[in-house]
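Chemist: Just dropping this structure here.
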Amino acid sequence: MSADYEVEYPASLDGYELETEAKGYLVDLVVRSGPRRWNLTVYDPTRLSQEVADELRISGYFALPNLLVVPEVTRDAIATALNALAATDFADLD
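For the sequence shown, the working numbering assigns the number 106 to the initial residue and increments by one for each residue that follows.
Pasting the structure below:
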(Lines of atoms letter the chains of each structure in order from A and count residues from 1; the text may use other names and numbers.)
(Lines give C-alpha, C1' and ligand atoms only; values in the text may rest on other atoms or scores of the structure.)
Protein backbone atom coordinates (compact mmCIF):
# COMPACT_ATOMS: atom_id res chain seq x y z
CA MET A 1 0.00 0.00 0.00
CA SER A 2 1.33 3.42 -0.90
CA ALA A 3 -0.02 6.55 0.71
CA ASP A 4 -0.58 9.78 -1.17
CA TYR A 5 1.15 12.67 0.52
CA GLU A 6 2.03 16.34 0.25
CA VAL A 7 5.24 18.02 1.35
CA GLU A 8 5.56 21.62 2.45
CA TYR A 9 9.15 22.80 2.59
CA PRO A 10 9.87 25.76 4.86
CA ALA A 11 10.00 29.09 3.03
CA SER A 12 13.46 29.62 4.49
CA LEU A 13 14.77 26.84 2.23
CA ASP A 14 14.04 28.70 -1.02
CA GLY A 15 17.34 29.82 -2.46
CA TYR A 16 19.32 28.29 0.41
CA GLU A 17 19.43 24.64 -0.66
CA LEU A 18 23.24 24.51 -0.78
CA GLU A 19 23.57 26.14 2.63
CA THR A 20 21.01 23.74 4.10
CA GLU A 21 22.85 20.75 2.64
CA ALA A 22 26.13 22.06 4.06
CA LYS A 23 24.58 22.59 7.52
CA GLY A 24 23.19 19.06 7.45
CA TYR A 25 19.77 19.76 8.89
CA LEU A 26 16.35 21.18 8.05
CA VAL A 27 13.53 21.99 10.47
CA ASP A 28 9.81 22.48 9.92
CA LEU A 29 9.34 20.14 6.98
CA VAL A 30 5.60 19.42 6.93
CA VAL A 31 4.28 16.15 5.51
CA ARG A 32 0.55 15.47 5.14
CA SER A 33 -1.13 12.21 4.23
CA GLY A 34 -4.89 12.21 4.48
CA PRO A 35 -5.84 13.58 7.91
CA ARG A 36 -2.36 12.91 9.32
CA ARG A 37 0.32 15.57 9.59
CA TRP A 38 3.96 15.43 10.67
CA ASN A 39 6.33 18.28 11.34
CA LEU A 40 9.72 16.71 10.62
CA THR A 41 13.27 17.63 11.44
CA VAL A 42 15.70 16.27 8.85
CA TYR A 43 19.37 15.52 9.56
CA ASP A 44 22.26 13.95 7.73
CA PRO A 45 24.19 11.35 9.76
CA THR A 46 27.21 13.57 10.39
CA ARG A 47 25.24 16.50 11.77
CA LEU A 48 23.00 14.19 13.79
CA SER A 49 26.00 12.58 15.49
CA GLN A 50 27.33 16.05 16.36
CA GLU A 51 23.96 17.09 17.82
CA VAL A 52 23.65 13.87 19.81
CA ALA A 53 27.17 14.22 21.23
CA ASP A 54 26.56 17.85 22.19
CA GLU A 55 23.24 17.12 23.90
CA LEU A 56 24.65 14.13 25.76
CA ARG A 57 27.49 16.26 27.05
CA ILE A 58 25.14 19.09 28.09
CA SER A 59 22.05 17.29 29.37
CA GLY A 60 22.86 13.60 29.46
CA TYR A 61 20.21 12.61 26.91
CA PHE A 62 18.99 13.28 23.37
CA ALA A 63 15.35 13.28 22.33
CA LEU A 64 13.76 14.59 19.15
CA PRO A 65 10.28 13.75 17.86
CA ASN A 66 9.60 13.24 14.16
CA LEU A 67 13.23 12.79 13.18
CA LEU A 68 14.13 11.84 9.60
CA VAL A 69 17.74 10.97 8.78
CA VAL A 70 18.83 11.01 5.13
CA PRO A 71 22.26 10.61 3.49
CA GLU A 72 22.31 14.32 2.64
CA VAL A 73 19.81 17.08 3.29
CA THR A 74 18.63 17.71 -0.27
CA ARG A 75 15.17 17.74 -1.81
CA ASP A 76 16.05 14.58 -3.77
CA ALA A 77 17.21 12.65 -0.70
CA ILE A 78 14.17 13.79 1.28
CA ALA A 79 11.83 12.80 -1.57
CA THR A 80 13.45 9.36 -1.79
CA ALA A 81 12.97 8.82 1.94
CA LEU A 82 9.38 10.08 1.89
CA ASN A 83 8.52 7.83 -1.06
CA ALA A 84 9.86 4.84 0.87
CA LEU A 85 7.87 5.90 3.95
CA ALA A 86 4.74 6.38 1.83
CA ALA A 87 5.08 2.79 0.61
CA THR A 88 4.58 1.72 4.24
CA ASP A 89 1.77 4.24 4.80
CA PHE A 90 4.19 6.19 6.99
CA ALA A 91 4.23 3.40 9.58
CA ASP A 92 7.62 4.52 10.94
CA LEU A 93 6.27 8.00 11.71
CA ASP A 94 3.16 6.88 13.60
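Note that beta-carbon positions come from the ideal geometry of N, C-alpha and C, so glycine has one too. Keep in mind the model is a prediction, meaning the values are calculated, not measured.
Just to confirm the assignment, what range does the alpha helix (DSSP H) spanning D197 have?
Modeler: Here the question's residue 197 lines up with position 92 in the sequence shown. Here D197 belongs to no alpha helix (DSSP H), and DSSP marks it neither H nor E.
Chemist: Hey, how far is the Cα of P176 from the Cα of A192?
Modeler: Your numbering for residue 176 matches position 71 in the sequence shown. Your numbering for residue 192 matches position 87 in the sequence shown. Cα-Cα distance, rounded: 19 angstroms.
Chemist: Please go through the same chain and pick out, in chain order, the residues whose beta-carbon is closer than 8 angstroms to the beta-carbon of N171, but skip the five residues on each side of it.
Modeler: Working through the sequence shown from its first residue, we reach residue 171 at position 66. If we look at N171 and ignore the five residues flanking it on each side, its Cβ neighbours are W143, N144, L145, T146, L198.
Chemist: What's the C-alpha gap between V135 and E124?
Modeler: Mapped onto the sequence shown, residue 135 falls at position 30. Mapped onto the sequence shown, residue 124 falls at position 19. Whole-angstrom Cα-Cα distance: 20 angstroms.
Chemist: Quick one: what's got a C-beta closer than 8 angstroms to G139's C-beta in the same chain, skipping five residues either side?
Modeler: The count along the sequence shown starts at 1 and reaches residue 139 at position 34. Here the set comprises A108, D109.
Chemist: So, with DSSP's three-state summary, where would you put T179?
Modeler: Taking the sequence shown and counting its residues from 1, one reaches residue 179 at position 74. If DSSP states are grouped into helix, strand and coil, T179 belongs with coil.
Chemist: Please determine if the segment 117-131 and the segment 173-189 are in contact, where contact requires at least 3 C-beta pairs separated by less than 8 angstroms.
Modeler: The segment 117-131 is in contact with the segment 173-189.
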